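Q:
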Amino acid sequence: MQHIGIDLAWGFKSPTGLAVLDDDGRLVHVSAVRTDEQIEAALAPFVAGPCIVAIDAPLLVTNATGNRDAEKELNADFAKFQAGAHPTNQGKPEFTDGDTRGGRLARRLGLDLNPRSGRERRGIEVYPHAATVSLFRLGKTLKYKNKPGREFPQLQAELLVLMDHLAAVSELQLGSLFADLRDQVVAATKKSQLRVVEDQVDAVVCAYVGWIAVRRPDDVTTYGDATSGAIVTPTLPSDLLPLKATPPPDLDPVPRAIQAYADTYPETVTAAESALALVSGLLNEAGINYLSVTGRAKTIASYAEKATREMDGVRLYADPATEIGDVIGVRVITYVQSDVVVVAELLAEQVVVLDDRDLASQTAREGRFGYASRHLQIAVDPARADEWPALRDRRVQVQVRTVLQHAWAEFEHDIRYKGTVPAEHASEFDRRFTLAAGLLELADQEFTAIRERLRAPAIEATEDEDPDDPRIAPRELAAFLAGQYADADWSRPDHYDWISGLLLELGVTSLVELGDVLRTADDAAIAEKMGYRYPPGAVRRLDDALLSAFGERYVELHGNAHRAPALRARLEKLTGR
């Protein structure tokens, strides 16, 4: 059987490394090519019969956003060794509709992509960084990849270390082909010369992982599965401990910070996903009405740009690692200004608020109109860190603003921040932006007044509403709850649909039946026991009433599975147990 390694570039401008090991572990081919046709031609002599092709690239991508399960599972083991995988999803242009270069190449070679199939011609996805940590018992990955802040001598030295590790493997016979590659690294004088060799060395690592997967299958771990994407890598030794990164003290703190951020970016992305889930979960649990909640991790390029930003020739951040506080950001867009206050108060109750700046109040105190937003720096309470491990020792910036404030800020940022205002028009634009800010502040006040007059939301019937649906229609439920809880704030329109499904699980399919249930509820007692410190929406009021009426049965509904622990905590408040 041939054991083939492909360090596949995600585009066609960068080289792709190829390597082939035979059954005895001899390196019989190594090269660098670019196009799929060149890959197929170079590998033709080795893929005609039994073979395993280990490809360093995503082969199957089914998720629309975030990480694949394979990446999440691998990162749980390897992120602390700086060997976490970058997120892969169909939102990235190279994986639109799940069509990947690796998958297309595997189809051209006629490979089965189930890593556990055992078929004599199959392809597996591998990840050299994780593989080298396991194979050579590294406390952290070798830094031979060209990234911001890494200089040529470091790249050359670390690549040579990797090659020496490979050459010392007793079950491999790398011979003159590998020796020639090492000579090229020693003779190199610039990064581009290292890049071509680096891809071929990675291909040798890939081929070796394939060789182990065939000959010693118990020594590899498969993360993910064949339906959503799988990554195969040598099993991480249980006694291996990570090493802390210790950059040389004489390095400029700015490139050092950029390098550190790039090295830990997969962990930061995971933390950003957790931050979004935390904030949106708190808002939904509280029944607060909002337009949208979004979150992101600052890209490496954006972080590098901000870290090196200057004003009048002086860097704005002497130590970006500690001074840049928005690497993880969550933005909450509300409908009116009073909701901004409610969101800030809710966060103050549920998380640790390290800093809270009301920029709208700041501009008002200065007697002017302008940028208006509530900026909070938050962290997870250490006592709850086990619930959100990705956010341990992390800061998250939460921006809360109304939809009108958001529109002004986005337009102002796009026009003025990017420096597109001609100098001769600067004063006029300042006046116009100020006028617009004043008008939007007035509009916010009027929208608040309108909402106070009309407490219940108007939910229209959707075109795809099924007349045979046994649930209470969301628009009817909204109208009913507006009368039941006349003093309640609005809830999100989708929440009426969601709780209608819970009512169906309880067997409540009409407003008459719902009225019978709620007649037994003591709204005043429930409010006192829950100790609302924010105006709960109508759906939250109904949620607590159902919890009070049905107790553990309500907690155990299928539609509540994702929040059962939180519901039990609320049930303890209601019952006093």
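Heads up: take any position in the sequence shown, counting from 1, add 53, and you land on my numbering. For glycine and all other residues, C-beta sits at the position ideal for the given N, C-alpha and C. Values in this document were obtained by computation on a predicted structure and should not be read as measured data.
Cutting at 8 Å between CB atoms, please list the residues of its own chain near Leu-219, excluding the five before and the five after it.
A: Leu-225, Leu-227, Phe-231, Val-254, Val-257, Val-258, Tyr-261
Q: Distance check for Ala-107 and Ile-59, CA to CA, integer angstroms please.
A: Rounded to the nearest angstrom, the two C-alpha atoms are 6 Å apart.
Q: Under the three-state reduction of DSSP, which class applies to Ala-622: helix, strand or coil?
A: helix
Q: Are the CB atoms of Gly-202 and Arg-309 nearer to each other than 9 Å?
A: The Cβ-Cβ distance between Gly-202 and Arg-309 falls below 9 Å.
Q: What are the boundary residues of the alpha helix (DSSP H) that Thr-375 is part of?
A: 373-376
Q: Here's a check: name, in chain order, each residue in its chain whose Cβ is nearer than 6 Å to the Cβ of Val-249, leaving out the five neighbours to either side.
A: Pro-68, Ala-85
Q: How close, in whole Å, do the beta carbons of Leu-113 and Gly-144 come, if the pair is a contact with beta carbons under 8 Å?
A: Not confirmed; about 16 Å, so no contact.
Q: Compare the C-alpha of Asp-76 against each of Ala-602, Ile-265, Ala-279, Ala-535 and name the closest.
A: Ile-265
Q: Suppose you measure from the CA of Gln-403 to the CA of Val-83; what does that come to, to the nearest Å?
A: Each residue's alpha carbon lies about 56 Å from the other.
Q: Looking at the structure shown, is Val-389 part of a helix, part of a strand, or coil, going by DSSP?
A: coil
Q: Give me whichever residues DSSP pairs with Val-453 in a beta bridge.
A: Val-385, Arg-427
Q: Look at the alpha carbon of Ile-381 and the alpha carbon of Asp-372, and state the distance between them as a whole number of angstroms.
A: 17 Å
Q: So what's Asp-76 in DSSP terms, helix, strand or just coil?
A: coil
Q: Check whether the segment 160-175 and the segment 121-137 are in contact - that is, three or more C-beta pairs closer than 8 Å.
A: They do not touch, by the three-pair rule.
Q: Between Leu-294 and Gly-192, how many whole angstroms is the CB-CB distance? I'm expecting something under 8 Å.
A: 7 Å
Q: Any idea which residues DSSP pairs Glu-178 with across the strands?
A: Ile-108
Q: Between the segment 323-337 and the segment 361-377, are three or more C-beta pairs nearer than 8 Å?
A: no
Q: How about Arg-545 and Tyr-343: are their beta carbons less than 9 Å apart?
A: yes
Q: Less than 9 Å separating the beta-carbons of Leu-557 and Leu-530?
A: no
Q: Just the C-alpha distance for Arg-528 and Leu-534, rounded to the nearest angstrom, thanks.
A: 10 Å
Q: Answer yes if the segment 311-323 comes into contact with the segment 562-573, meaning at least three C-beta pairs across the two stretches below 8 Å, and no otherwise.
A: no
Q: Nearest-angstrom Cα distance between Val-273 and Phe-189?
A: 14 Å
Q: With DSSP run on the structure shown, which of helix, strand or coil describes Ser-223?
A: coil
Q: Answer yes or no: do Arg-593 and Ala-339 have a C-beta to C-beta separation smaller than 9 Å?
A: Yes. Within cutoff.
Q: Going by other Cβ atoms of all chains shown within 10 Å of its Cβ, with 16 needed for buried, is Ser-601 buried or exposed?
A: With at least 16 other beta carbons inside 10 angstroms of its own, Ser-601 counts as buried.
Q: What are the boundary residues of the beta strand (DSSP E) that Ile-284 is part of?
A: 282-287
Q: Can you tell me whether DSSP reads Gly-277 as helix, strand or coil?
A: strand
Q: Can you tell which of Thr-242, Gly-584, Gly-263, Arg-235 has the C-alpha that lies nearest to the C-alpha of Val-214?
A: Considering only alpha carbons, the answer is Arg-235.
Q: Pick helix, strand or coil for Thr-628, following the three-state DSSP scheme.
A: helix
Q: What span of residues does the alpha helix (DSSP H) with Asp-569 cover, start to end?
A: Element bounds for Asp-569: 564-572.
Q: What number of angstroms, rounded off, separates the C-alpha of Asp-89 from the C-alpha of Phe-205?
A: 30 Å
Q: Any beta carbon of chain D sitting closer than 9 Å to that of Asn-120?
A: Any reference to chain D falls outside this structure, which holds one protein chain only.
Q: What is the rounded straight-line gap between the Cα of Leu-96 and the Cα of Met-54?
A: Computed Cα separation, rounded: 13 Å.
Q: If you reduce the DSSP assignment to three classes, tell me which class Asp-368 lands in.
A: The sequence given here places Arg at residue 368; Asp does not occur at that position. Looking at Arg-368 - three-state DSSP - the assignment turns out to be strand.
Q: So Ser-345 is in the alpha helix (DSSP H); what residue range does that whole segment cover?
A: Taken as a continuous stretch (DSSP letters only), Ser-345 belongs to no alpha helix (DSSP H), being part of the beta strand (DSSP E) at 345-350.
Q: Under the assumption that Val-385 contacts Val-456 (Cβ atoms under 8 Å), give the Cβ distance between them as a whole number of angstroms.
A: Actually they are not in contact, since the Cβ atoms of Val-385 and Val-456 sit about 11 Å apart, beyond 8 Å.
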